[in-house]
Amino acid sequence: MVPTKKRGKSGSLSQLIIPLTALAILLLFNLIRDPGFYAIKVVTNNDGNSVLSGNLISIIDSASALAIIAMGMTLVTAACGGQDISVGAVAAISGAFFVKVANAGGTLTIGSVILGIVVAILGTIAFMMFNGTLVAVFKIQPMIATLILFSCGRSIAYWINGSATPQLISPIIQAMGMTIPGIPIPTPIFAVALMAILLGLVFKFTNLRLYTQSVGINQGAARLNGINPTAIKLLSFVILGVCVAVAAVIGVSRLGQLNHKTLLVDIEMDAILAVAIGGNNLGGGKFRLLGSVLGAYIIQMLTTTLYAMSVPPVNVKAYKAIVIIIIVVAGSPVIKNSVSSLVNRIRTGRKLSAAKGVK
Amino acid sequence: MKRREPLTNTQLLMSIAIGIFVVMYAAAMIGLGGGFMKFQQIFDLLNDNAYLIIIACALTIVMIGGGINISVGGVIGLTVMACALYLNGTGIQSWLGIITTLLLALGIGLAFGIGQGFLVSYLEIQPFIVTLAGMFLSRGLTTILSVDPVKVTNKTHEVFYAFRSTKIEIPFLGYTAANGNLIPGKLEIGAVVALAIVVLMFLMLRYMKLGRNIYALGGNQQSALMLGINVKRTRFLSYVISGLLSGLAGFVFLMHKPAGNASVAMRSEMDAIAASIIGGTLLTGGVGNVIGSFFGVMILATIQKIIALSPLNESWWQDMASGALLGFFILLQSVVLSGREKRRAKASAAKAAVLKE
Amino acid sequence: MQNDAVLTMRGIDKQFPGTRALNKVDFTLRKGEIHALMGENGAGKSTLIKVLTGVHEKDGGTIWVEGIDGEAHIHSPQEAQNIGIATVYQEITLCPNLSVAENMFIGRTEGQVVHWKDYEKRTTEILKSLGIPARAKQELGSCSLAVQQMVAIARAVDMNCKVLILDEPTSSLDDKEVAMLFSLMRDLKSRGVGIIFVTHFLEQVYEVSDRITVLRNGELVGEFAIEDLPQVELVAKMMGKDLNDLADLEEVGAKHHETGEVIYEAEHLSSSEARPFNFNIHKGEVNGFTGLLGSGRSESVRAIFGADRVTGGKVTVKGRNVKISKPHDAMKAGIGYLPEDRKKDGIIADLSVRENIILAMQVMKGFFHPMSKTQMEAFTDEYIKALSIKTASQDTPVGSLSGGNQQKVILARWLLTHPEYLILDEPTRGIDVGTKLEIQKLVLKLATEENMSITFISSEIEEMLRTCSRLIVMRDRNIVGELKGEQLTQAQVMKTIAGGEQ
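Heads up: the sequence lines are chains A, B and C, in that order. Under our numbering, think of the first position of the first sequence as 93, with each following residue one higher. Under our numbering, think of the first position of the second sequence as 22, with each following residue one higher. Under our numbering, think of the first position of the third sequence as 276, with each following residue one higher.
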């Protein structure tokens, strides 16, 4: 059931048409509905620091965890041709590691927090390697393989901490989740930028993009060029693990506590959605991280727009669904073929009438 | 004497599932005694999981055809809410009220089935995304209908309440209570419906052209096309059936717990998938059967019950057990299949030069 | 239309953008006859079959089928099936997860209910009458490939087909299975079914066919009764040579005689696809593997490169023992490989021309050493010019290039790695004549000037004779000869390929 791949123009721009169009429509919609929507003000927050505030800031800020996970999900999708639905549950595990280590000494210090982050990343990678091994070595489909951690991940998180909702009260945590005193932009946004930069550096100084795309497009041919598909697939899961850990730390810091049941709940679905909206092929192959990140912001903007229109939070899902359907229908191969043949017919029609005109 | 055919993949996996269920249950009977020694325990498991049995069948059918449907839980939630509101709001107190509610439930399921089936089969959009949207839509519509939980009680719809409270009594499978009274086994109507659905779907998959076409489609889509099967229509119908069954499952759920709220049947789609996998259905398609999925549900339910009754009663143990169980069966599938594949690989390798254009 | 013909095709034309696949081809199939359809690559065999089975629409000509009044117009595989033309392909077109009986009847029964007992009974009868060793209730996937094919044939026969097309049916069968298949074919013959047997296995053609039709470059070379066409003549016709002329042709070329060390040696090398063989090549030598399509040439070189699963053998590179179990090992040992199937194994379709060209070189440089954009662009430019690759730009996805240009991209990819031993499997397939010559010259240049060892596989003998100093001849998966020096003439090569009675 692989849709026929349409050969786009030279690379990147054509793939971004869908997310950019969706973004443009949303921006326009809000502009018309309420020009004040985009206002950015400088306000003073509870601690007396000046911070930027406004819908735009809130959107970009709230979407941070999703954007980061979407980046990792893009890689796994590209290399393995499937999605990891356990990211939310594994995020709970990351959060559990983080909280346990950060709290270990009884008080939170910069040192314990940093250690917590490191342990969270390493622990998450370990769990992601479980997924990766099932997919790359045992050749199990990603969605099935990750169903296991999806089922029991949150319970594992609970077990790690041994109690329901450990708290993290400290100005350090607050700085991580909200804003660092003196910096008007919320910290999570920096985290997204940092991850983007890190991944960018990885792409610049290694062949990861080339290998991943090759494996995703034609695993056999990739192998005949000396690439090791199993290693690449495992690596994609490792990177996703790092992304999940960072996102979890952001999520925990924002709330100041870890609730293993609700931390980043349902984020896997949103992440897969972001990857799809970003114009990436869910069956693997070429990818654009930028597309997925845009997808994440589009999803968040949609949610925020609906809130601004006084739609109750629980109803947002329904509207999300409709937007998703519109986007994927527009991107479906059948529709694309119909549209292009229609365009062709118009063109040849014009040529014919032009020829007739000459006669 | 007729020689029996070696087990097919699906039969083998299903047999393993049944075997494990029997072993597990026996262990529970020995280890935990008490409630497990009564037949009522099985009836309770059936009563509590009737809706899950039905959507496990739905998922199995779609998966045999090579697809997936993760909207089933959401459709159940929507159906329960819609029916609850309808029952409470409608003036039709009689049996007619119950029938129209059933029609409403089936209608909702049918609508989702047709819509999703169309998008997947005729517009060729990936089923995961389509049914993910279906899940969002149904959950969203549930809360749009009502943010607060809606209960159907004796007062709001007497006939329905009486209907749902009816239990089928099976005297010879009962137990003797402490005071010496013989208490017959009690089975809810919903459980009977679920069992009937398993039988019906089994018959459909085995004896109806549509069922066999679904197997063919999942086995090798290209071949199915060349063999003259209408692949698009078959795939479409498999989703329609899954939608219809979701609606029915919602009605059954309503009978068991007559209250609609936002988290009805949350994540049950994953349980249904897990049950199907445990019962021998392959996500790749072409292999699966509803009897196995039924036992898959029973295994999951039994494990949960065992944990609930054991000293380990914490919700996180349940999840771990489910996860471990699923992991075990996934690896089992992988091992069993690759073992069989290796033996066939020699025969199937078509490595000579192919006729080029 | 002849009285005893079940199928007559006259003057069939088929044009694709850029090539004329079929040019006024005639084909006649008589009742109860096994008719082999033969031709090398690009001959038009598969196009003719596709026209007959409704996959392609013919541009000209007529088709008559027995029992149909007037011309037959076939627009789809379903239509072909309806008028009695059945095809059994090399890839199984049945469902392995269903039973044999079910595969026999699915898709063509009336009514909604499946009558298992009925199907199973009828299937058992059919299987018995055709001598197929399978049970009705057996899962098709558990049968060997040979039996699966026979079940597909049984289905066609049960549908009362008049014309049965067998497309490369024996490619993956062992001798016993081939014998089984042939006895089934003879059975069908006696029932009056006309069989079109498309294959490249020479010996098999002579074992079971009544007539042979030879195509070359989209044109009909001729139709012959089997007894009128000795093997050597068949090979000559397929390759477009007149046997009488051959004796006069002496290939004179700048043949490079190898000097120096043995750069690669394999002893009893075997893989999952190749039978154990010995092979060696010297520094600066150009050797060739020749033989008809499917004779085992590609499988042998894939074993050398580690592309298939290596199951045994000892390999030395420049005197040192090396273990080559995967392509990366071979690349590290200085070996490069241009695969035969460029679509499946060669190009990474969605990636750009540039990315495809630098890929192997990049892998050899290592994961942590990506080449700079300027480097990549420079290399790509160099080879686009050197090989005259027609592409809109370096960034064009390689999948949108024509077949010939795709081939050049992959050739560029391996040339860029400057291997010590380069394996080229059908490098000139689908390339225009001018470039073919350039590639041959390039091969000689690499061998003489850079002392590169090259293995050259081609179905065109002149090419090989112009470039190779040694030819290994294969037939039906075995090495049947090695020709050097004076033996390197067209006549001798073809005699060795054909084997059989002279």
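Every residue, glycine too, gets a C-beta built ideally from N, C-alpha and C.
Closest Cα partner of residue i within the set the options
i: residue 335(C); options: 627(C), 496(C), 299(C), 569(C); result: 299(C)
i: residue 254(A); options: 212(A), 352(A), 223(A), 209(A); result: 352(A)
i: residue 234(B); options: 633(C), 386(C), 344(C), 693(C); result: 386(C)
i: residue 674(C); options: 621(C), 633(C), 701(C); result: 621(C)
i: residue 686(C); options: 662(C), 493(C), 696(C), 576(C); result: 662(C)
i: residue 316(B); options: 66(B), 57(B), 124(B); result: 66(B)
i: residue 172(B); options: 31(B), 44(B), 285(B); result: 285(B)
i: residue 601(C); options: 328(C), 470(C), 689(C), 578(C); result: 578(C)
i: residue 306(B); options: 322(B), 330(B), 239(B); result: 239(B)
i: residue 510(C); options: 481(C), 537(C), 485(C); result: 481(C)
i: residue 617(C); options: 317(A), 184(A), 186(A); result: 317(A)
i: residue 768(C); options: 746(C), 581(C), 420(C), 416(C); result: 746(C)
i: residue 98(B); options: 271(B), 354(B), 356(B), 345(B); result: 271(B)
i: residue 290(B); options: 50(B), 263(B), 313(B), 200(B); result: 263(B)
Neighbourhood of residue i by C-beta distance below 7 Å, restricted to the same chain and skipping five residues each side
i: residue 535(C); result: 557, 558, 559
i: residue 114(A); result: 369, 390, 419
i: residue 152(B); result: 89, 90, 91, 92, 137
i: residue 542(C); result: 553, 588, 589
i: residue 103(B); result: 125, 129, 166
Residue i burial status per 10 Å Cβ neighbour count (16 or more: buried)
i: residue 436(A); result: exposed
i: residue 216(A); result: buried
i: residue 206(A); result: exposed
i: residue 116(B); result: exposed
i: residue 175(B); result: exposed
i: residue 466(C); result: exposed
i: residue 408(C); result: exposed
i: residue 58(B); result: exposed
i: residue 296(A); result: exposed
i: residue 373(B); result: Bear in mind that a pLDDT of 30 at residue 373(B), under 50, signals an unreliable position, so the model cannot answer this.
i: residue 178(B); result: buried
i: residue 130(A); result: exposed
i: residue 325(C); result: buried
Same chain, Cβ closer than 6 Å to residue i, five either side skipped, listed in chain order
i: residue 165(A); result: 363, 367
Cβ neighbours of residue i in the same chain (closer than 8 Å, five flanking residues each side left out)
i: residue 483(C); result: 309, 457, 460, 461, 472
i: residue 526(C); result: Confidence is the limiting factor: at residue 526(C) the pLDDT is only 43, short of 50, which leaves the residue's position unreliable, though a coordinate-based value still follows. 737, 740, 741, 763, 764, 765, listed in sequence order.
i: residue 276(B); result: 184, 185, 209, 210, 211
i: residue 105(B); result: 171, 172, 173, 275, 279, 280, 281
Alpha helix (DSSP H) segment containing residue i, residue limits
i: residue 615(C); result: Counting along the chain, residue 615(C) falls outside any alpha helix (DSSP H), and DSSP gives it neither H nor E.
i: residue 342(A); result: 321-347
i: residue 234(A); result: 234-237
Contacts that residue i makes with chain C (C-beta to C-beta distance below 7 Å)
i: residue 247(B); result: 352, 368
i: residue 299(A); result: 637, 642, 645
i: residue 378(A); result: 625
Cross-chain neighbours of residue i in chain A, by beta carbon under 8 Å
i: residue 634(C); result: 302, 306, 317
Span of the beta strand (DSSP E) around residue i
i: residue 733(C); result: Here residue 733(C) belongs to no beta strand (DSSP E), and DSSP marks it neither H nor E.
i: residue 285(A); result: Taken as a continuous stretch (DSSP letters only), residue 285(A) belongs to no beta strand (DSSP E), being part of the alpha helix (DSSP H) at 279-297.
i: residue 538(C); result: 537-546
i: residue 696(C); result: 696-700
Interface residues of chain A facing residue i [CB-CB closer than 9 Å]
i: residue 639(C); result: 318
i: residue 603(C); result: 315, 317, 318, 319, 320
Within chain B, the residues that residue i reaches when beta carbons sit closer than 9 Å
i: residue 298(C); result: The contacting residues do not exist; residue 298(C) stays about 16 Å from chain B at best.
i: residue 404(A); result: 164, 165, 168
Chain-ordered chain C contacts of residue i [CB-CB under 8 Å]
i: residue 230(B); result: 384, 386, 387, 388, 389
i: residue 267(A); result: Here the premise fails: no neighbours, minimum Cβ distance about 35 Å.
i: residue 231(A); result: Within 8 Å Cβ-Cβ: nothing; residue 231(A) doesn't reach chain C, min ~16 Å.
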